[in-house]
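Here the structure is laid out as structure tokens; the discussion comes afterwards.
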Amino acid sequence: MNLRVFKRLMLIVAAVGFVLIGCQKPESKAPEKKAETAAEKTAAAPDKPAAGLDKILIGHPACLSGKYAKAGEQAVGGIKAALDWVNNTYGGVTLGGRKVPLEYIYYDCESAKEAVTSLIGRLAMSDKVHVVFSPYSSGLTLRGAPVTEANKILYMDHGGASNAIFRQGFKYIVQTIGPATSYHQGTLNMIKATDPAAKKVALAYEDSEFAKMVMEGAREHARKLGFEIVFERTYPKGVTDLTPLLSALKASNPDFILGGGHFEDGQLFNRQMADLGIDTKALSLIAAATLPAFYEALTNMAEGVMGPSHWEYGVKYSEREAKKVGLQWIGPSQDEFVALFKKAVGKEMIPDYHAAEAAAQVLAYTLAVEKANSVEVDPVRAALGDLTFMSFYGGWDVDDTGMQVGHTMVDVQWQNGERVIVWPPEAQTGKPVYPMPTFAEKAQGKKAIAGM
Amino acid sequence: MNRVTQYYPILPVLLAYAILFIVGQTVSGTWQLVATLLFYCAMGQAFNIFLGMTGYVDFGYVAFMGMGTYGMALAITRLAHLPGLGAVVIVIGFGLALLMATLLSLAVGAVALRLRGAYFAIATIGVNEGFRFLIEGARIWNGAEGMIFTAQLVNIVGSERASRLMTYWADVMVLAIAVLAAAVTLFYMRNRVGYALTALREDEDAAKVMGINVTKYKIIAFITSACFAGLVGAASWALKTPYVFPPEVFEIHYTVEAIIIVMLGGAGTLLGPIVGGLIYGISKYYLSIFLPGLQLLVFAPIIIVIIVMFPEGVVGVLKNRTRNTALGRFII
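Chains as they are written, first to last, in the numbering used here: chain V, 1 to 452; chain S, 1 to 332.
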């Protein structure tokens, strides 16, 4: 075969491939793509009276590839698991006296902003979804907001933690993930409750949008609780030596430290504190300390170190806890959710907080539609504003801007090589070890083990 | 060829953009897709002025888009509180975007354009990363925190207009920038600048011997390309998405996309960036819909096949095939 014939053959193959892909009905590609057909059938759904609806459509520009692919895979699995529960266990969404199933349409936005707007445009105008779930990250969530606002579609945010999203005046955006400013509130509450004598706090964190927002909330909450901020300094991204900063921090003699930014600097922070022998009663590091790799890298030096998380496998939120605090309960138990999640992703995979918050968002939308008895954007948005409930993910409540205020972060502490949820009390799987062992004790093999 | 007929190749460009615009306006749910395609076409069109016409590969190209984004962001955030300026702020923003992209291109060009080929490419690789770390490390323009300015935009033009600006007019501006970039490309092609650039692209030493000031023409192409990149950044990133985070606007991924678009369509051709932008954008869009999560596995072989089939780009091959035909005068 000469080159010319080969090239022509390749061209024909490529052309046929394109045509086949273009002509393919989405439902034949994957089971969840059945939603496409449903979308076409119910193209005018939002304009119909609620009683005429045969499906409620959730659209999602998911991050299934690109830099947020891991978070995206978890979110899609969480949404499918929650849909499974709503449709098959709960029986569907009660709307106009009938039970209406939820259906999920998602496309891959490749973690790229250009794709987010074009896919939301399609979901809003062609698929005519009733609600759009945001992609992962504050940037991508912001990218989609003007399109959903212009199309008057509810936009639910389970991936963008920046408080700034809710300072822009968007009407139809509602958050499920806790805002960045809430990350250390639980940690501070815990220390206040455990050790009323502790007064001095040091803040040392990465110079990034996320870490700054987290510490803005921590600073404000610490002052509200009567703590004194004796040290506050940032360090640049990609830092390789924190000894000058930590030496200055040591001189301020804090009772406890809140810090971090990403995994690498969090690990460095902990390691160099050990090198310099800086002992405090508590150390909480965002983004790093909750990861198994943190303990694998630091082994015993990580004992007693804490970190905030939106949700961790093992939390004790239950119908009984909901009753105790006077909240409505909805959704599967944690174990049921894990089983549904594994079924949805088709493999042995433990859901993380990305999956849990996306699933909780489905439950929030379900309750809001039932409360409003409508799928129209304004009544559902108003219902979401009034809604408070608890699920396996924890509490749910939003303020007037749509920002999440009802969900409490959980604080995780490394105890004897295990991640133990130590705060809030309604979610805890163990008592906090406070003060944590000193680095000298840890070097001799002492573990952080809570007393009975 | 008289003065009018030599500009005939602009007609298929205008036709292509007109069709895109009409499709976006008339087919429900396609405007945001058209906006994305326009972004890719405009980015390719701007990059083609330098890559296509000189043969130099600039890996720091996205930095100019980033500077344009910052130019618009600074105008909006710093002037939003001034009463009575209204939409003038947007005009100032475009002016600032142009100025900042020009200054950066002058600084980069003065150093890097003394180098050739692979050395030039290597010298430019660090531009976007270096600039990003400068902004973050020195805490310039809010440093790593970036800026979110939807609220300020609403203050300036009002809620309804801001919404329309972010979802429609910003895209129309990108269309205008793409058309303007194509017009400038054609103007260069038909003038001394284009002849000089063609000569240096084919053999820089020979061009030099013939008395062409190659550095001057390279800088002209470099600055022109950077200016259009700055305008694309200002419209498509700052106005369409009123926020700027350094890691997002200095992401090398966009430079790679621009290179693929230009090579797919045909480097140095007028119609190439449009064809490349459309093939690239449409393939990505439909594959992400029909094969979510798996599209890159299919997309990469498609790109390889097209590059193998059309080593000079789709328009490059088409141009050779239609040479000396009636159609040939429209395809360059």
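Cβ coordinates follow ideal geometry from the N, Cα and C atoms, glycine included.
The model shown is predicted, which means the values in this text are computed figures rather than measured ones.
Uninterrupted alpha helix (DSSP H) stretches at least 4 residues long and entirely within the stretch 236-321 of chain V occur at 243-251, 263-276 and 292-298, given in chain order.
The C-beta separation of K316/V from T429/V comes to about 6 Å, placing the pair in contact by the 8 Å criterion. Excluding five sequence positions before and after A364/V, the CB atoms of its chain that fall closer than 6 Å to its own CB belong to W396, given in chain order. Taking every protein chain shown into account, the CB of P61/V has 16 or more other CB atoms within 10 angstroms, so this residue is buried. Pairing T77/S with M173/S gives a Cβ-Cβ distance that is not under 8 Å. Under the three-state reduction of DSSP output, I105/V falls in the strand class.
Contact fails between the stretch 135-150 of chain V and the stretch 361-375 of chain V, because fewer than three Cβ pairs, one in each stretch, are under 8 Å apart.
Shortest Cα-Cα distance from Y70/S to any of Y40/S, W237/S, V23/S and A16/S involves W237/S.
Spanning the alpha carbons of E206/V and V244/S requires a straight line of approximately 19 Å.
Residue L85/S holds the alpha-carbon nearest to the alpha-carbon of Q152/S among A97/S, L85/S and S288/S. Burial check for K113/V: the Cβ neighbour count within 10 Å reaches 16 or more, so the residue is buried. For V172/S, the uninterrupted alpha helix (DSSP H) run begins and ends at A170 to M189, by DSSP. Buried is the label assigned to S134/V, since at least 16 other Cβ atoms lie within 10 Å of its Cβ.
Between Y106/V and chain S, the shortest Cβ-Cβ separation is below 8 Å. Setting aside the 5 residues that flank it on each side, L245/V is surrounded in the same chain by A204, R233 and Y235, each with a C-beta closer than 8 Å to its C-beta; the list follows chain order. G281/S and A218/V have their alpha carbons spaced roughly 43 Å apart. Neighbours of M166/S in chain V, taken as residues whose beta carbon is under 7 Å from its own, are P146 in chain order.
Looking at the backbone, the Cα of T198/S and that of A180/V are separated by about 53 Å. Put simply, of F294/V, K212/V, D352/V and N88/V the residue whose alpha carbon is nearest the alpha carbon of Q413/V is F294/V.
Residue pairing by DSSP places R419/V opposite W414/V in a beta bridge. T269/S is a Cβ neighbour of G313/S, given a cutoff of 8 Å. Less than 8 Å divides the Cβ of A198/V from the Cβ of F256/V. Pairing Y183/V with V214/V, the inter-Cα distance amounts to about 6 Å.
Three or more Cβ pairs closer than 8 Å define a contact, and the stretch 408-423 of chain V meets that threshold against the stretch 303-315 of chain V. Within the stretch 287-302 of chain S, contact with chain V at the beta-carbon level (separation under 9 Å) is assigned to L287, S288, I289, F290, L291, P292, G293, L294, Q295, L296, V298, P301 and I302.
In this structure, P292/S places its C-beta atom within 8 Å of the C-beta atom of D108/V. If you check the CB distance, P332/V and W85/V come in under 8 Å. Per DSSP, the unbroken beta strand (DSSP E) holding V93/V starts and ends at V93 to L95. Runs of the alpha helix (DSSP H) lying entirely within the stretch 193-236 of chain S, each at least 4 residues long, are 204-209 and 214-232 in chain order. By the C-beta criterion, the stretch 431-448 of chain V is judged not to be in contact with the stretch 5-14 of chain S, since fewer than 3 inter-stretch pairs fall below 8 Å. For S162/V, the secondary structure class from DSSP, reduced to helix, strand or coil, is coil. Distances from the CA of L142/V to each of L242/V, A274/V, T117/V and P196/V were compared; the closest alpha carbon is that of T117/V.
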